[in-house]
Every structure is written in C-alpha cells, then in structure tokens.
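Quick note: the sequence shown uses our numbering, first residue 2, plus one each step. All C-beta atoms in this analysis are idealised placements derived from N, C-alpha and C, irrespective of residue type, glycine included.
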Amino acid sequence: MIKKRLPQVALLLLILVLLVNTAAATCNIIIITDPTGKDPNGAAAGSLSFAENMFQSTFIMSKEKHFSVLSGGEGNQTPRLGAIVETIKRLENDETAANAASAASNFPGIRIMCGGPTIGAAVGGSFDVYVVTVDDDGTITATPASGGLATLPPGQKGAIIHLRNTHGNPLYGSATTVRRETAIMIGKMIRDGYPATEILGASFEKVSKNAGEKYGGGGNNLVSSLTTGDMFTPSKLNTTGYPMDEAYSKTCPECGWSVSFPAGENYQTCPYDGTSLKTIYAYELMANSITVTKNNTNVYVYGTDNAGISGTTKEIVQYSVRQNGYNAATIASEINKAIDNSYLLGVNYIEPKDINIVESTRSVGVYYNPLPNHRSSPAWNLPISSSILDIVGSIQTAIGLILIVLVLFRSTLFSSFTKNRR
C-alpha cells in the first residue's frame with residue numbers, strides 16, 4: 002500500500018528535487034464516466050507538459066485505494082513534494098478528494114489534483130481549470146475556475162481539466178482557448194458514452210497538438226489500476242518525455258505484430274503476412290495501454306531501464322499472447338528473436354523461467370538481465386566448444402609466427418636451400 006511506502010515515496014521525490022529541476026505538469030486531467038466504480042474503464046487521470054523531467058511523480062496512482070494524485074504549479078520543488086505527500090496521506094486516511102486537494106493551499110504556487118471513481122475529483126492551490134459535469138439527461142456544464150478549490154462531487158459524471166502554457170512553448174498563449182475546447186469535447190464524449198480511458202487519449206491528442214504541452218507524462222486507469230508508468234517519461238534527467246502527438250509504433254491490423262520507432266521506420270508491411278502496417282501515435286498507445294478489453298494483456302518489465310525496452314517488450318508479448326496464448330516458452334522465443342534482430346538492446350537472452358504469467362489477471366512479467374560492460378547484444382551462441390576455439394586460435398597463432406619467421410629469414414633460407422640442391 003502507498004501508506005506503507007509513503008516514506009519511500011517522499012525519499013524518491015526528494016532525490017529528484019536535489020538532482021534535477023523537477024517538472025511541474027502544465028496539463029492535469031481527471032475524467033470519471035462511471036461514478037459507481039463498476040466500469041473497468043470508468044475513471045482515468047493523466048499529466049503532460051512542455052517541460053523537462055516529466056517523471057511519474059506527476060501522476061501517482063494507488064492500486065489499492067484507486068485514486069490518482071496529479072501535481073504541478075509554479076512554486077518550487079520542495080513545497081510541491083510536501084503537497085504531494087500530504088495529499089496522499091489524507092487520501093489514505095479515506096478523506097474526500099476535496100479535503101485532500103485542499104492541502105495545496107498550504108504550499109504557495111503549488112497545484113494538486115486528485116480523485117477516483119467513487120470519491121469524485123478536486124483541484125486545489127494555483128490553477129486554471131474547467132470543471133465539467135454531465136447529467137443523466139445529457140446536459141453538459143463546463144464551469145471555469147481559477148485558484149482556491151474546485152470539485153467534481155462524488156456520484157457525478159464529469160471531469161476536471163487544468164491547462165497552462167510552459168514558457169518557451171512555441172504555442173504559448175493557446176492554453177485558454179484549448180482548455181475550454183477540450184473541456185467541451187470531454188463533456189460531449191462523456192454524454193455519448195465513451196469510456197474515460199478513451200476520452201483521456203483524445204484529450205492528450207488535442208492538448209499536445211493545439212496547445213503544445215505535448216511531452217509525457219502518461220495516464221492511469223483508476224478502476225483497473227493500469228498505468229503507462231515510464232512508457233513516455235524521459236529516460237535521462239533534464240530531458241523531455243516522449244511527444245504524445247508523434248508516431249510511437251507500427252502495427253499489423255490483421256495479426257497484431259508491431260514494432261516501435263525508430264525501428265518502425267524500416268517497415269512498411271507486416272513481415273508475416275504482407276499487410277500494410279498502421280501507424281500508432283503516442284496518444285493512441287497511451288489510451289490503448291490503460292483500456293481494459295477482452296484481448297488486453299498487461300505487461301510489466303523488470304531488470305532494465307534501457308530506452309525502448311519496455312514499449313517494445315509489451316508489443317512483443319501482446320502479439321505472442323494473441324497468436325499462441327499465455328505460453329512462457331513462446332513468449333521467450335519471440336523476445337529472443339527481437340534481441341537477435343537488434344530490436345531489444347543491452348539485455349541478455351531470456352528463458353521461460355524469466356517470465357511470470359498470471360492468466361487470471363491477464364498479466365505477464367518479463368525479467369531481464371542487463372548485459373555487462375555496456376554491451377548492446379549477447380555473445381554468439383555457437384555450436385562449438387570454447388576449448389576447441391582456443392585450440393584453433395593457438396594453431397592460427399603458431400602458423401602466423403611461422404609465416405613471420407619465413408618472411409624475416411626468407412633470404413637466408415633461400416640461399417641455404419639453393420646450396421643444398423647443389
């Protein structure tokens with residue numbers, strides 16, 4: 002539980018504060034389409050920004066309590082850390098979203114947004130938001146609010162969207178218009194019956210394209226406890242996350258085979274059946290990753306933080322499961338093929354024992370062993386004993402030395418040979 006890990010959470014955020022200029026997400030969104038908590042895709046939350054260092058601290062989720070805490074604001078990092086920890090503490094003690102978010106008022110310049118499927122949502126501190134409500138008769142209300150506390154009551158379908166522009170963003174000044182337009186779009190999609198996870202993807206698309214606040218960040222499914230984790234967050238400090246409006250992978254619409262960029266640039270058709278590949282954008286993949294379907298497989302990657310490993314592994318595992326079911330040997334074989342083809346770099350071959358399958362929850366865990374000495378690919382697995390190679394190497398060395406001797410003393414040897422023939 003987060004309550005038990007609260008000191009570790011605080012320590013992690015404190016380390017980020019000390020090492021880097023931690024990012025304040027400039028777009029926070031919580032959407033609730035089913036306030037009963039029964040729809041597995043009925044509540045979602047996410048953050049993105051034009052700023053650097055969009056780490057998961059900007060969209061924390063509790064899998065046990067089914068809430069999310071989104072942070073931001075223009076205050077400095079230390080108060081933001083305090084606001085996050087205090088908000089989590091209140092939610093763990095079963096306080097309302099409104100009471101939890103009001104913690105931000107004690108930390109100048111900080112914004113906290115929080116919520117869950119049955120507790121509603123709230124935003125406190127420094128913010129510019131629209132609170133969207135959708136009644137059972139289809140009536141949509143989008144109310145602007147700035148600063149203090151704004152709430153979406155428990156039991157109410159709706160959303161809260163915050164959006165400001167980051168200084169340096171080429172689309173600076175667009176936030177006011179895009180915030181209103183996105184709020185109206187969210188209201189219409191809720192009215193028309195779209196799930197919260199899909200609406201979050203559409204919101205990410207609109208914000209990233211039209212307001213320029215485009216770097217992940219990521220999203221959470223608050224009912225089913227699914228998260229994009231570090232899929233879109235930056236792999237290096239003081240850099241931006243993945244652009245949510247850019248292509249992330251290509252996939253075959255027939256068999257499901259897929260490949261991530263930049264490797265995807267080399268493929269136009271499926272290598273298995275020749276079907277033209279479909280380009281998947283990051284905002285689409287975000288929504289797909291947190292949306293529960295009968296064919297959805299949750300993939301968790303351990304043992305490496307190398308860029309691209311997590312996303313590519315998820316695609317490989319999901320393809321393998323669609324083709325062959327939950328078979329550890331088949332999944333391991335597909336992953337090892339990807340390693341051979343240089344789609345996965347810096348990790349060693351895996352065995353079926355390195356794969357943990359929990360079929361009841363449609364979950365697959367893949368445990369990698371990083372390669373030593375910064376190697377990008379494993380050593381060749383040749384069908385020849387290493388001792389034989391050592392012997393061959395010794396013979397080659399001996400032959401080489403003999404050839405060197407012959408070259409150095411060829412004149413003397415030739416004269417001696419000529420005299421002997423006489």
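{"Asked": "Simplified DSSP assignment, three categories, for residue 84", "Found": "helix"}
{"Asked": "Identified DSSP bridge partners for residue 68", "Found": "63"}
{"Asked": "Spatial neighbours of residue 259 in its chain, beta-carbon cut-off 6 Å, leaving aside the 5 residues before and after", "Found": "250, 252, 316"}
{"Asked": "Bridge-paired residues (DSSP) for residue 280", "Found": "251"}
{"Asked": "Buried or exposed (CB count within 10 angstroms, at least 16 for buried), residue 54", "Found": "buried"}
{"Asked": "Three-way DSSP call (helix, strand, coil) for residue 262 in this model", "Found": "coil"}
{"Asked": "Residues near residue 304 in its chain [Cβ-Cβ closer than 7 Å; skip 5 each side]", "Found": "368, 369, 370, 371"}
{"Asked": "Touch test, the region 266-284 against the region 339-346, Cβ-Cβ under 8 Å, three pairs minimum", "Found": "no"}
{"Asked": "Simplified DSSP state of residue 153, which is helix, strand or coil", "Found": "strand"}
{"Asked": "Given 8 Å, three or more beta-carbon pairs between the region 347-358 and the region 280-298", "Found": "no"}
{"Asked": "Residues bridged to residue 113 [DSSP beta-bridge criterion]", "Found": "72, 125"}
{"Asked": "Straight-line Cα distance separating residue 112 from residue 224", "Found": "24 Å"}
{"Asked": "Limits of the alpha helix (DSSP H) - the one that residue 208 falls within", "Found": "197-211"}
{"Asked": "Delimiting residues of the alpha helix (DSSP H) encompassing residue 302", "Found": "Element bounds for residue 302: not the alpha helix (DSSP H) but the beta strand (DSSP E), 299-303."}
{"Asked": "Exposure label - residue 376; buried when at least 16 CB within 10 Å", "Found": "exposed"}
{"Asked": "Run of the alpha helix (DSSP H) containing residue 343, from where it starts to where it stops", "Found": "It is not in any alpha helix (DSSP H) - residue 343 carries neither H nor E in the DSSP assignment."}
{"Asked": "Close beta carbons around residue 117, own chain, < 6 Å, minus the five adjacent residues each side", "Found": "67, 68, 223"}
{"Asked": "Residue 229 versus residue 291 - alpha carbon distance", "Found": "7 Å"}
{"Asked": "Counted within 10 angstroms of its Cβ, other Cβ atoms place residue 355 as buried (16 or more) or exposed", "Found": "buried"}
{"Asked": "Rounded straight-line distance, which links the Cα of residue 239 to that of residue 22", "Found": "Below a pLDDT of 50, predicted positions are generally treated as unreliable, and residue 22, at 49, falls in that range; no measurement from the model is reported."}
{"Asked": "Bridge-paired residues (DSSP) for residue 42", "Found": "DSSP, once it has assigned bridges, lists no residue as partnering residue 42."}
{"Asked": "Simplified DSSP state of residue 236, which is helix, strand or coil", "Found": "coil"}
{"Asked": "Environment of residue 246 [buried if 16+ CB atoms lie within 10 Å]", "Found": "buried"}
{"Asked": "Where the alpha helix (DSSP H) through residue 33 begins and ends", "Found": "Here residue 33 belongs to no alpha helix (DSSP H); instead the beta strand (DSSP E) covers 28-33."}
{"Asked": "Of the residues 263, 325, 257, the one placed nearest residue 271, counting alpha carbons only", "Found": "257"}
{"Asked": "Spatial distance of residue 84 from residue 128 (CA atoms)", "Found": "14 Å"}
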